[in-house]
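Engineer: Here it is, the structure in full.
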Amino acid sequence: MTSHDGPSRYGHLDCNSPIAAWRFDRQVEECAAVAPETILDIGCGWGELLQRVTERVPGARAVGIDSDVELLERGRAGAARRGIADRVEFVEYQGSDWTEPADLVICIGAAHAFGTGPEAIAALYPLVKPGGRLVFGDGVWERVPTEAQLAAMWPGTGAGDFPLLPDLVDAAVEVGLRPLRVESIEQSEWDDFESEFLADKEVWLQQHPGDPRAAEIRAAADAHRAWWLRGHRGVLGFAYLTLGRAVAL
Ligand SMILES: C[S@@+](CC[C@H](N)C(=O)[O-])C[C@H]1O[C@@H](n2cnc3c(N)ncnc32)[C@H](O)[C@@H]1O
């Protein structure tokens, strides 16, 4: 990196969501085991899960949609590296506008494209073909946050932004999905994610302390660290639900 370069973007993250390697590997295994013919990832970013599952299921066709063109480009490069570019399409699109269903639908960390977690699951249900699966991941409160805790989080965070885990699962059941697996990450998975997210800035700052942009980048890193360590840490969890839709009668 030259002194003209700014910090990398998500350069230290394999996935843009908090997840341990062992949990991610299990998700890949379980998704591949049901051999989906079609896979859809809404808010895919660079679609690491989408790519890994497609790689494991010969003949599967996948579409990842996201509104961030730079992340989609990283996804295309990854698919080319894996030799699956002819079976994976990365499309710039608004998540809530997609209408083509798939056997396996993934939506991780992108519920806000639809609203709250329960609203996202209700909107995603019609995109899951009968007999198919939805792998959904998003924030859940570990406990109802106090006003003081909310004030230390990202500006504008409200108690209604995230559900409690049982309420999220109930919302899925209410729309007609069944929970095949419910998992909730460990604190270490959040800490790894936030550390690796901040590493873009921190590693750059270590190398460029005199750069004219350093003060602004340091302030952004400090603000983010405060939202994490003084705000959501221990209050906001992250759940992954593997949800099944029954076959057609
Ligand atoms: C936290 S990231 C998760 C990315 C990916 N699912 C993963 O787990 O690595 C959320 C993603 O949702 C995308 N996103 C946010 N709003 C969106 C929208 N309205 N339509 C499509 N993508 C959206 C962002 O660009 C970002 O890539």
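Under full-length UniProt numbering, the letters of the sequence shown match residues 1 to 249, in that order.
Every residue, glycine too, gets a C-beta built ideally from N, C-alpha and C.
Treat the numbers as computed from the prediction; the structure is a model and nothing was measured.
(1) Can you tell me the Cα-Cα spacing of residue 253 and P209, whole angstroms?
(2) To test your reading of the DSSP string, which unbroken beta strand (DSSP E) runs of 3 or more residues are found completely within the UniProt domain "Methyltransferase type 12" (40 to 134)?
(3) Along the chain, where does the alpha helix (DSSP H) that runs through P166 open and close?
(4) I want to check one thing, is the minimum distance from the CB of D25 to the heavy atoms of ligand 1 below 7 Å?
(5) Let me check understanding here. Comparing Cα to Cα, which of H12, L13 and R245 lies closest to G132?
(6) Mark A220 as exposed unless 16 or more other C-beta atoms lie within 10 angstroms of its C-beta, in which case mark it buried.
(7) T38 and V88 - do their beta-carbons sit closer together than 8 Å?
(8) Tell me whether the beta-carbon of E119 lies closer than 8 Å to the beta-carbon of G237.
(9) Determine the extent of the alpha helix (DSSP H) in which R26 is found, giving its start and end residues.
(10) Look at the Cβ atom of I108, then the Cβ atom of G83, and state whether they are nearer than 8 Å.
(11) Answer yes or no: the CB of G109 versus the heavy atoms of ligand 1, is any distance below 7 Å?
(12) In three-state terms, what does DSSP make of E194?
(13) For the beta strand (DSSP E) holding E245, just list the boundary residues, first then last.
(14) Exposed or buried, E174, counting other C-beta atoms within 10 Å across all chains shown (16 or more means buried)?
Structural biologist: The short version:
(1) The displayed coordinates of the chain run from 1 to 249. Any statement about residue 253 would go beyond what the structure contains.
(2) Scanning the UniProt domain "Methyltransferase type 12" (40 to 134) from its first residue to its last, the whole beta strand (DSSP E) runs of 3-plus residues come out as 61 to 66, 88 to 92 and 102 to 108.
(3) Residues L165 to V175.
(4) Answer for D25: no, Cβ out of range of ligand 1.
(5) Nearest Cα to G132 within the set H12, L13 and R245: R245.
(6) Classification for A220: exposed.
(7) Cβ distance not < 8 Å, so V88 and T38 don't count as in contact.
(8) E119 places its beta carbon 8 Å or farther from that of G237.
(9) First-last of the alpha helix (DSSP H) with R26: A21 to A33.
(10) No, the pair does not count as a contact, with Cβ atoms beyond the cut-off.
(11) Answer for G109: yes, Cβ within range of ligand 1.
(12) Three-state DSSP puts E194 in a helix.
(13) Here the sequence assigns Arg to residue 245, which means Glu is not the residue at that position. Note, R245: beta strand (DSSP E), L236 to R245.
(14) The residue in question, E174, is exposed, as its Cβ has fewer than 16 Cβ neighbours within 10 Å.
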